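Numbering (the working numbering), first residue to last: 382 to 677. Cβ atoms here follow ideal geometry from the backbone N, Cα and C, with glycine treated the same way. All values reported here derive from a predicted model rather than from experimental measurement. Here the structure is laid out as structure tokens; the discussion comes afterwards.
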Ligand code: SF4
Ligand code: SF4
Ligand code: SF4
């Protein structure tokens, strides 16, 4: 056994903070996390150094926006943890805890994005990560309906929405917005949210809209613009052995309300679930309207 020159908190962290036993005797995987998938290039270099020094000169990039470094020998773990502290690399979680919050790149670089989801994920990391729960708890944020971060497959998911509005004074009657809208709504099996009237002016029907913004992108004279943005909220999604698609419980939630919703959902999960149960399994025994009120 190694000499104990580390605090109890550090040793406890070994078991709970992303050090996973490998199938090969005496070897462990270091699981790290990258909130929102946003990683500075300098930190990336640190990963390389750690993988060379303690692993076998390669990493595994996980589906949860983490980097895992396998082949850490048990005798090197405490030394590795010391190096990690100085590196800026964040340790992940395993066991009954909330996991890394994932996000798509969002509006910082993506032309479809309504929200800078990558930066939002950085802000929410403290609220969402590492909380004790009955099994595991995953949060994802996507910047538009394309759902690249798959929020509907997470225990709690946020999907950015944008409501369009048209300035008829600018419209030249080209009909492009109605055409693109017919396509979008047809794929979503709805009547179009934009139809042209007899004067070749677009009429917007909000009840059919998917809030994804193609009309804004397609208009040649910028007659369509964003009226408001917000997030649809999904709960109870998961993959694994018995996948479930999340249930939508709200539309156009403001960014400032997200921390509260994350906290409330984790609290709700802890309240209703047995040890070892995923959120959706416990949700199935509940009255959804009451759960919605509790979370929102
Ligand atoms: S979900 Fe939308 S905003 Fe995010 S990366 Fe995909 S297309 Fe871009
Ligand atoms: S956002 Fe999409 S669905 Fe809504 S009106 Fe525009 S094109 Fe149609
Ligand atoms: S795309 Fe723009 S210009 Fe063309 S009909 Fe629609 S609002 Fe008018």
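Residue closest to residue 627, alpha-carbon to alpha-carbon, out of 616, 477, 656, 666: Residue mapping note: residue 627 aligns to position 246 of the chain shown, counting from 1. When each option's Cα is compared against that of residue 627, the closest is 616.
Every unbroken alpha helix (DSSP H) inside the segment 427-514 [4 residues or more]: 458-468, 498-509
Residue 646 versus 605, 541, 525, 518, residue with shortest Cα-Cα distance: Residue mapping note: residue 646 aligns to position 265 of the chain shown, counting from 1. If we check each option's Cα against that of residue 646, 518 comes out closest.
Beta-carbon proximity check, residue 556 vs residue 524, cutoff 8 Å: In the chain shown, the residue the question calls residue 556 occupies position 175. In the chain shown, the residue the question calls residue 524 occupies position 143. Taking 8 Å as the Cβ cut-off, residue 556 and residue 524 do not qualify as a contacting pair.
Residues of its chain near residue 421, where Cβ-Cβ distance is below 7 Å and the 5 sequence neighbours each way are ignored: The residue you call residue 421 lines up with position 40 of the chain shown. The answer is none, since no qualifying residue turns up.
8 Å Cβ cutoff met for residue 592 and residue 569: To locate residue 592, count along the chain shown from 1; it is residue 211. To locate residue 569, count along the chain shown from 1; it is residue 188. Taking C-beta atoms as the reference points, residue 592 and residue 569 fail to come closer than 8 Å.
Integer-rounded CB distance, given that residue 571 should sit under 8 Å from residue 549: Taking the chain shown and counting its residues from 1, the one referred to as residue 549 is at position 168. Taking the chain shown and counting its residues from 1, the one referred to as residue 571 is at position 190. So it is not a contact: roughly 23 Å between Cβ atoms.
Bridge-paired residues (DSSP) for residue 683: Absent from the model: residue 683. The displayed extent of the chain is 382 to 677, so no value can be given.
Segment contact flag, the segment 466-479 with the segment 603-616, C-beta cutoff 8 Å, min 3 pairs: The segment 466-479, when compared against the segment 603-616, does not touch it at the 8 Å Cβ threshold.
DSSP-derived helix/strand/coil call for residue 601: The sequence position of residue 601 within the chain shown is 220, counting from 1. Residue state, collapsed to three classes: coil.
Rounded straight-line distance, which links the Cα of residue 482 to that of residue 405: Residue mapping note: residue 405 aligns to position 24 of the chain shown, counting from 1. Residue mapping note: residue 482 aligns to position 101 of the chain shown, counting from 1. Per the coordinates, the alpha-carbon of residue 405 lies some 29 Å from the alpha-carbon of residue 482.
Span separating the alpha-carbon of residue 654 from that of residue 427: Position 273 of the chain shown holds residue 654. Position 46 of the chain shown holds residue 427. In a straight line, the C-alpha of residue 654 is about 39 Å away from that of residue 427.
As assigned by DSSP and simplified to three states, the class of residue 669: Within the chain shown, the letter at position 288 stands for residue 669. Three-state result, residue 669: helix.
Reduced DSSP secondary structure (H/G/I, E/B, other) of residue 660: Residue 660 sits at position 279 when you count from the first residue of the chain shown. Reduced to three states, the DSSP call for residue 660 is helix.
Best match in 528, 554, 563, 480 for proximity to residue 493 [C-alpha to C-alpha]: Within the chain shown, residue 493 is the residue found at index 112, counting from 1. Closest by alpha carbon: 528.
Rounded Cβ spacing between residue 510 and residue 484 (contact assumed at less than 8 Å): Stepping through the chain shown from its first residue, residue 510 is reached at position 129. Stepping through the chain shown from its first residue, residue 484 is reached at position 103. That belief does not hold up - the Cβ atoms of residue 510 and residue 484 are roughly 13 Å apart, past 8 Å.
First through last residue of the alpha helix (DSSP H) which encompasses residue 557: Reading the chain shown from its first residue, position 176 is the one you call residue 557. From DSSP, the alpha helix (DSSP H) with residue 557 extends over 557-568.
Cβ-based neighbour list, residue 536, same chain, cut-off 6 Å, excluding 5 preceding and 5 following: Start at 1 with the first residue of the chain shown, and residue 536 comes out as number 155. Once the five neighbours on either side are set aside, the close Cβ partners of residue 536 are 518, 519, 660.
Per-residue DSSP class, three states only, for residue 419: If you number the chain shown from 1, residue 419 lands on position 38. DSSP places residue 419 in coil when its eight states are reduced to three.
Whole-angstrom distance between residue 651 and residue 669, CA atom to CA atom: Translated into positions along the chain shown, residue 669 becomes position 288. Translated into positions along the chain shown, residue 651 becomes position 270. Each residue's Cα considered, the two are about 16 Å apart.
Straight-line gap, residue 392 to residue 399 (C-alpha atoms, nearest Å): Within the chain shown, the letter at position 11 stands for residue 392. Within the chain shown, the letter at position 18 stands for residue 399. Bear in mind that the predicted position of residue 392 carries a pLDDT of just 49, short of 50, making it unreliable; the figure below should be weighed with that in mind. Looking at the two C-alpha atoms, the distance is approximately 12 Å.
beta-carbon residue 399 near ligand 1 non-hydrogen atom, thresh 7 Å: What you label residue 399 is simply residue 18 of the chain shown in a count that begins at 1. Residue 399 Cβ: outside cutoff for every heavy atom of ligand 1.
When 454, 417, 456 are compared against residue 443, the one with the closest alpha-carbon: Position 62 of the chain shown, counted from the first residue, corresponds to residue 443. Nearest of 454, 417, 456 to residue 443, Cα basis: 417.
Top-ranked residue by Cα proximity to residue 445, from 642, 502, 397: One-based indexing of the chain shown puts residue 445 at position 64. Checked all of 642, 502, 397; the closest Cα to residue 445 is 502.
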